[in-house]
Amino acid sequence: MMENDKSDLMSIALPVGTALHSKGLEYSVDRVLGAGGFGITYLVSRIERVGGQEMKREQYAVKEHVTKGCERADDRRTLTVTTASKNDFVSRKKDFEHEAKRLIELSGKSVNIVKVYEWFEENGTSYYRMEYLDGGSLLKYVRTHGGAQDEKKALSVMIPVIRAVKLLHSGENRLLHLDIKPDNIVMKTRRDGVLYPVLIDFGSAKHFDRKGRPTSQPVAKGLTAGYAPTEQSQPITQFDARLDVYALGATLFFMLTGRDPLPAYELNVGFLKDNLSMVSEKTRNAVIRAMRKDKDDRTGSCDALLDDLEDPHTLPIYYVLKSPNQKYRILEVLKETPYSVEYKAMPAYTVDFVEDNESYKSHQTESIGGYYVVVELFEQDCSRRNPDGSICITYPTTRAVPPFFMEARKCAGLQFDGQEPVAVYKNNRLVSEGFRANGTVYYVYRQDKPSGLLKGIGLSVVRHKKMLAGVMALSALAYGIFWYMNRPGPSESELLTSAINTGSLSDLKRYAEADSVRAYLPYAELEFDRKNYDVAKQFAKKALNISSEKSAATSLLAKIDEAVSVAVTDSISTVSQQEEEVTEVEEYSVPNGKEETPQTTVLQSQSQTNADKYRKAMADGDWSTVKELADKGFSKAYLPLAKHYLDNSSTHSLADKYARKGMSVNESEANEIISVLRNYGYYD
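So the sequence shown is numbered by UniProt numbering: it starts at 1 and just counts up by one.
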């Protein structure tokens, strides 16, 4: 919205003290918060009348539907509309009410989306009431905190926002925000100092039906230069997550650099690389992919963006870690070493994350848990992180549990009952504890405990790893056996979890063949590594029916098909190598002893170049080049490309396109891809 339009709206704002009424409740306008997104937003207080006296209670934000061409009647309350603007006002009022209803449905599903509690009609227009966010915008936060932010800090803010946008895009929501930028993210502050981001201002948002069609008029709305891709300047006629992905990448760029990105039509990769030279290659490449000018080359979904950004060694931001005594919500990664990860966390039940509470003022007497530091044993050289946060040991090891706890006792005061770590409380508040979860061990302590734990653990683990295996085993027995003594016999579920974590082929095979669904995918992955592609494919297909593993199973099936294709190609190449040598002269010579023409040489060169390009692109996972080859008619690229595009719902149209092209290459394989698309509901 242009500045003069905002001024026009502000000039007809409701006066301070105006009463608003909804379902027996009364609110009083305290002040105007701002104008934009086709409305005016007010700070209001709920009014309670006690003994004839008026008392102000909780504060909320209330948004009023107002558009250009509106005026106030003489009572300074009722909204009137000019004849020329009436149709537009009525149409946008319906959109405003639909926006409110959808936000009400989303309320409580993410702390990173502004909560909306109700909508109502009064004064000839519509209103909706939402939480009042007392923090400043992300724009203001960055500018008042030194500009460019540390990479870990930037990711701790943006990853929750990306997850919130993923929620908007998912399932029946099918909502594009279309105005994500630093000014539309508020940094809310808890009373104990914790900051977390909240996405606001859905005035430009657009909803789509199950088939991706807009449920309101597909008009082009105002956009913010630098935070919108070039295609957003046109009417939006189809759901496309890449519009919001671009804005998320641009907002992360702002956090990392302290400056706005160039407008999309001016943007180039060189500008992004130059300005992001100080961040890790992983994050830099993620931002570049998210902000590609060509949407076909851009990161296709929030899931894909999260995969690009999140550290495979650490727990996800906002992950809830459960101990026997308390739940911890991971807020930020503080440090990493080759042996450990240190996180900032808070109790998962604290006030601002209780979703059924409406106003922050109504909980001022609640107990706040405060910060905790969570230290996790994670040995990078022998561990990998599973999608659910658990840790799988990739080869047998005695682990570093004993020195981990011994160093924790020394550096941060871990207490034991005999050989077992115990939870310590002070004034009914947990101070420290040690526990096992996710296939590893953790130590947790309150923020006022001494720091330097990771350094000590690192040195201790190094010393530990230098010992002979026998000494290590004795150490584990001396210090670590407490964890395993006096335990009840493991259940089948625990045995399966152990098999998954240790990668036991024989155990996973037994569970998978007994139709234990959790075993399907890990067993398929092990058989794939052993090049038993038929068995791997059989159990990967079974894993497709498990919603939490569908994406990973689809990806594994694509890898299997690619590996089979390469194996067949290699086999054919080996068998026919001698034939090629024999026929080489006939193949490339020109009859009657004439010299080879330049045109013949060029065609041969192009064919060889395309094949080389394809092999290299597949090895590197360079799907842009694979697509380029497919579009030039290189038929081998059709089906691998179609499988690649199955991963994201926003690219299913491309999966269908290349599957149909691939009919001429392998009809049964192409039909299998089309069948998967049908199961996804693409053709509904």
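Note that the Cβ used here is the ideal one computed from N, Cα and C, for glycine as well.
Note that the coordinates shown come from a computational prediction; the quantities given were computed from them, not determined experimentally.
If the criterion is Cβ atoms closer than 8 Å, does the pair Val62 and Cys70 meet it? no
Inspect the CB distances between the segment 168 to 180 and the segment 125 to 137 and report whether three or more fall short of 8 Å. no
Could you name the residues of the same chain whose beta carbon sits closer than 6 Å to that of Val157, not counting the 5 residues immediately before and after it, in chain order? Pro197
Residues of its chain near Tyr523, where Cβ-Cβ distance is below 7 Å and the 5 sequence neighbours each way are ignored: Leu508, Lys509, Ala512 and Phe539
Would DSSP call Thr224 helix, strand or coil? coil
For a quick check, are the C-beta atoms of Thr651 and Gly300 less than 8 Å apart? yes
Quick check: Gly34 and Glu64, are their CB atoms within less than 8 Å of each other? no
By a C-beta neighbour count over all protein chains shown, 10 Å radius and 16 as the cutoff for buried, is residue 687 buried or exposed? No information on residue 687 is available, as it lies outside the stretch 1 to 684 that the chain covers here.
Pro146: which of Gly249, Lys657, Asp244 and Phe254 sits nearest, CA to CA? First, the amino acid is wrong: residue 146 is Gly here, not Pro. Gly146 has its Cα closest to that of Phe254, out of Gly249, Lys657, Asp244 and Phe254.
As a quick exercise: from Gly439, Lys166 and Lys140, pick the residue whose alpha carbon is nearest that of Asp183. Lys140
How far does the alpha helix (DSSP H) with Cys382 in it extend, from its first residue to its last? That residue, Cys382, is in no alpha helix (DSSP H); it is neither H nor E in DSSP.
What's the C-alpha gap between Phe239 and Leu272? 27 Å
So, for Ala13: in the same chain, excluding its five sequence neighbours on each side, which residues have a beta-carbon less than 7 Å away from its beta-carbon? Val32 and Ile40
In DSSP terms, what Tyr246 is bridged to: The partner list for Tyr246 (beta bridge, DSSP) is empty, contrary to what the question assumes.
Can you find a heavy atom of the ligand PLP that lies under 7 Å from the Cβ of Asp515? With respect to the ligand PLP, the structure offers nothing, as it holds no ligand at all.
Using only alpha-carbon positions, find the residue among Ser624, Asp515 and Asn325 that is nearest to Val422. Asn325
Residues that DSSP places opposite Met187 in a beta bridge: Pro197
How should Pro15 be labelled, buried or exposed, when 16 other C-beta atoms within 10 angstroms of its C-beta is the threshold for buried? exposed
How long is the line joining the alpha carbons of Ile288 and Asp134, rounded to whole angstroms? 33 Å
Cutoff 8 Å; reference Gly662; Cβ partners in own chain excluding five residues on either side: Ser635, Tyr638, Leu639, Ala642, Glu669, Ala670 and Ile673
Pairs of beta-carbons, one from the segment 226 to 238 and one from the segment 261 to 272, closer than 8 Å: are there three or more? yes
Kindly indicate which three-state DSSP category Phe271 falls into: helix, strand or coil? helix
Can you tell me the Cα-Cα spacing of Arg298 and Glu58, whole angstroms? 44 Å
How about Glu336 and Lys295: are their beta carbons less than 8 Å apart? no
To the nearest angstrom, how far is it from the Cα of Phe120 to the Cα of Ser22? 6 Å
Secondary structure of Met346, DSSP reduced to three states: strand
By the three-class DSSP mapping on this structure, what secondary structure does Ala524 have? helix
Identity of the residues DSSP links to Met55 by a beta bridge: Glu48
Residue burial classification, Phe378 (beta-carbon count within 10 angstroms, cutoff 16): buried
What does DSSP give as the partner residues of Ala392 in its beta bridges? Note on residue identity: the sequence assigns Cys, not Ala, to residue 392. Partner(s): Arg384.
Nearest to Lys242 (by Cα), restricted to the options Leu315, Lys166, Val676 and Glu310: The residue asked about is misnamed: residue 242 is Arg in this sequence, not Lys. Comparing Cα-Cα distances from Arg242 to each of Leu315, Lys166, Val676 and Glu310, the minimum goes to Lys166.
With distance defined between alpha-carbon atoms, name the residue in Lys68, Glu54, Leu9 and Met55 nearest to Tyr42. Leu9
What number of angstroms, rounded off, separates the C-alpha of Glu281 from the C-alpha of Glu54? 59 Å
What is the DSSP secondary structure of Gly662, reduced to helix, strand or coil? helix
Over the uninterrupted beta strand (DSSP E) stretch that includes Ser126, give me the two end residues. Thr125 to Glu131
Selection from Tyr246, Arg518, Asp209 and Asp631 that minimises the alpha carbon distance to Ala291: Per the sequence shown, the amino acid found at residue 291 is Met instead of Ala. Of the listed residues, the one whose Cα sits closest to Met291 is Tyr246.
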